[in-house]
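Quick note: the sequence shown uses this note's numbering, first residue 70, plus one each step. Following: one structure in structure tokens, then a few remarks.
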Amino acid sequence: MAKRAADRHPTKFLLGEKEIPTRWYNIQADLKTPLPPPLHPGTGQPIGPQDLAPLFPMGLIKQEVSQERWIETPEEVQDIYRLWRPTPLYRARRLEKVLDTPARIYYKYEGVSPAGSHKPNTAVAQAYYNKKEGVKRLATETGAGQWGSALAMACNFFGLQCKVYMVKVSYHQKPYRRVLMETWGAQVVPSPSPDTQAGKKVLAEDPDSPGSLGIAISEAVEDAATRDDTKYSLGSVLNHVLMHQTVVGLETRKQLEKADAEADIVIGCVGGGSNFGGFAFPFLADKLAGKKKKLRVIAVEPAACPSLTKGKYAYDFGDTVGLTPLVKMHTLGHTFVPAPVHAGGLRYHGMAPLVCKLYDEGFIEAVAVQQLATFQIAVQFAAAEGILPAPEAAHAVRGAVDEALRCKREGKRRTIVFNLCGHGHFDISAYEAYLGGKLQDYEYPADKVEEALKHLPQVAAVRG
Ligand SMILES: Cc1ncc(COP(=O)(O)O)c(C=O)c1O
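And the structure:
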């Protein structure tokens, strides 16, 4: 009997609930040399777990420094993951056709989570470990509103209060994200806000500041550090956050097996590095072990905030005001305030230290793309595949399409796999602006970056 088209050309590769990975992958175990340690901003000496204790529960601090390759996902976290996981892996057949490319394109879709992105994968884990250690309230920042929504939902599940400092430009661009967070019980304020000393300081210097992730982090860190009942929660950058996200890449590997496919090129967008790290690290494990030497792993960032491609690999603060430990990362300088591009979640001056080290050692490539080219491809993707990408995720689509077009030029049949890390249903005003011809590109702000890099902390001087 003839096979049906669905058997011959499947579009989705699905896993059952029992196939959700029950352990996270910790790439620290496979690094050739350890990460440069975070440093105390006052002494320049490596910090210990106790230095982080005012901000994070010990369960997460242990994960941050763990060298174990696999860490069990607690049952309570798995229970909640099952609300939307496993997420689907699609073969983008219709996009391939439009592009007329010999490449095979697959995408993992994290937009099916209740908050609309990959962010709940770590939000749920973080809320769980805080609850376990008796924390009552979490403070955080949010750029696009995706992370704030994810944490608001997770706090709601575990009965924690949640305060969200939302970057002012996004607060106004995305009012419905705020309402979603409030529906899940969170309190949301635009950042910079008058609620913290850090916010007041920025407002005094620039009352019209559009805000940035760096500023909002300063506010949330201050909030947590000055209240006994509160800890801080970060949606990206940190080792444990990237590790929680590996559930995405681990599922994708299983799904590619079902598709009888092997990735040649793995692509994700990068803001602080969490969806990219979580997606790519399980693939990079092979490359670090000396296998799959030809595998290419590409991080895509906005040209307006190009930390990997233009930043300096140096110790810097994670926030704008200078409250966090110093971490070694590709940075545009902690005082750099990126242009208000609509990919709010990618407007961060730094990058996850794990991503930076792997980039520095040549395991990862990076490209920067412009806003208009990104929206153009997002619209093309929506037309072909139906899904409206979050502006951040559209950077990964841009990267994947550029590689597919390269395959076409070179006549190569590569398998491209990318992470479509969120939907754009709350980003309609960005699409409206694009379709109305009101969006613009922002050139690489070389002079602003040069100025910001002058304010990098003098680590050698402190340490020496
Ligand atoms: C949909 C989406 N993608 C990507 C990002 C960037 O963060 P990360 O690089 O940690 O994945 C964000 C951040 O808010 C986001 O909301």
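Positions of the beta carbon are idealized from the N, C-alpha and C atoms, including for glycine.
So residue i and residue j are supposed to be a Cβ contact under 8 Å. How far apart are they, rounded?
| i | j | result |
| --- | --- | --- |
| V466 | I446 | 5 Å |
| K300 | L124 | 6 Å |
| A194 | H313 | 5 Å |
| T315 | V486 | Contact doesn't hold; Cβ gap of about 15 Å is too wide. |
| T400 | A383 | 6 Å |
| V233 | A219 | In fact, because the Cβ distance is near 10 Å, the residues do not count as touching under 8 Å. |
| F348 | N199 | The pair is not a contact, with the Cβ atoms about 25 Å apart (cut-off 8 Å). |
| D333 | R478 | With a Cβ gap of about 16 Å, D333 and R478 do not count as contacting. |
| E461 | A412 | 5 Å |
| P90 | L319 | 4 Å |
| L168 | V470 | 7 Å |
| Y175 | A330 | 7 Å |
| G359 | G387 | G359 to G387, Cβ: 33 Å. No contact. |
| F345 | A368 | 5 Å |
Residue i: buried (16+ other C-beta within 10 angstroms of its C-beta) or exposed?
| i | result |
| --- | --- |
| E326 | exposed |
| A213 | buried |
| V248 | exposed |
| Q119 | exposed |
| A161 | buried |
| E288 | buried |
| G491 | buried |
| Q509 | exposed |
| R173 | buried |
| T191 | buried |
| E454 | buried |
| Y159 | buried |
| Q527 | exposed |
| T112 | exposed |
| P371 | buried |
| R532 | With a pLDDT of 48 at R532, under the threshold of 50, the modelled position of this residue cannot be trusted; read the value that follows with caution. That one is exposed. |
Just verifying my parser: in three-state terms, what is the DSSP assignment at residue i?
| i | result |
| --- | --- |
| E434 | strand |
| F125 | coil |
| S260 | strand |
| F495 | coil |
| H418 | coil |
| I11 | Examination of residue 11 is not possible in this model, given that the chain is present from 70 through 533 alone. |
| V396 | strand |
| G413 | helix |
| S186 | strand |
| C374 | coil |
| K363 | coil |
| F82 | strand |
| V335 | strand |
| P107 | coil |
| R173 | strand |
| V316 | helix |
| P407 | coil |
| P118 | helix |
| G533 | Residue confidence for G533 is low, a pLDDT of 37 falling below 50, so the modelled location carries little weight and cannot support an answer. |
| V306 | coil |
| V390 | coil |
Would you kindly report the start and end of the unbroken alpha helix (DSSP H) that includes residue i?
| i | result |
| --- | --- |
| F597 | Since the displayed the chain opens at 70 and closes at 533, residue 597 lies outside it and no answer follows. |
| W93 | Premise fails: W93 lies in the beta strand (DSSP E), R92 to Y94, not in any alpha helix (DSSP H). |
| G217 | Q215 to F227 |
| M189 | Checking the sequence shown, residue 189 turns out to be Pro, not Met. Note, P189: alpha helix (DSSP H), P189 to K201. |
| K166 | R162 to L168 |
| G180 | G180 -> no alpha helix (DSSP H), and no H or E assigned at all. |
| T252 | P244 to T252 |
| E512 | No alpha helix (DSSP H) holds E512; DSSP gives it neither H nor E. |
| D76 | A74 to R77 |
| K281 | A small correction: the amino acid at residue 281 is Ser; Lys does not occupy that position in the sequence shown. Neither: S281 is in no alpha helix (DSSP H) and is coded neither H nor E. |
| D148 | E144 to Y150 |
| Q266 | Q266 to E274 |
Quick one: give me the first and last residue of the beta strand (DSSP E) that residue i is part of.
| i | result |
| --- | --- |
| R206 | R206 to T211 |
| Q230 | Q230 to V236 |
| C476 | Per DSSP, C476 belongs to no beta strand (DSSP E); it is in the alpha helix (DSSP H), P460 to E479. |
| D385 | K381 to F386 |
| T484 | T484 to L489 |
| I140 | W139 to E141 |
| K300 | T299 to Y301 |
Residue i: which of the options sits nearest, CA to CA?
| i | options | result |
| --- | --- | --- |
| A184 | A267, C224 and G85 | C224 |
| P375 | Y240, A161 and G402 | G402 |
| H480 | G468, F82, P526 and P171 | According to the sequence shown, residue 480 is Gly rather than His. Ranking G468, F82, P526 and P171 by Cα distance to G480 puts P171 first. |
| Q215 | Q242, K201 and Q230 | Q242 |
| A502 | A453, V448 and P526 | V448 |
| G414 | G280, Q266, S135 and T295 | G280 |
| A499 | Y240, P351 and Y417 | Y240 |
| A373 | Y94, K517 and M127 | K517 |
| L357 | A74, K81 and I96 | I96 |
| V236 | K323, T211, E137 and F226 | T211 |
Compare the C-beta of residue i with all C-beta atoms of chain B and state if any pair is closer than 8 Å.
| i | result |
| --- | --- |
| R151 | No chain B is part of this structure, which consists of one protein chain only. |
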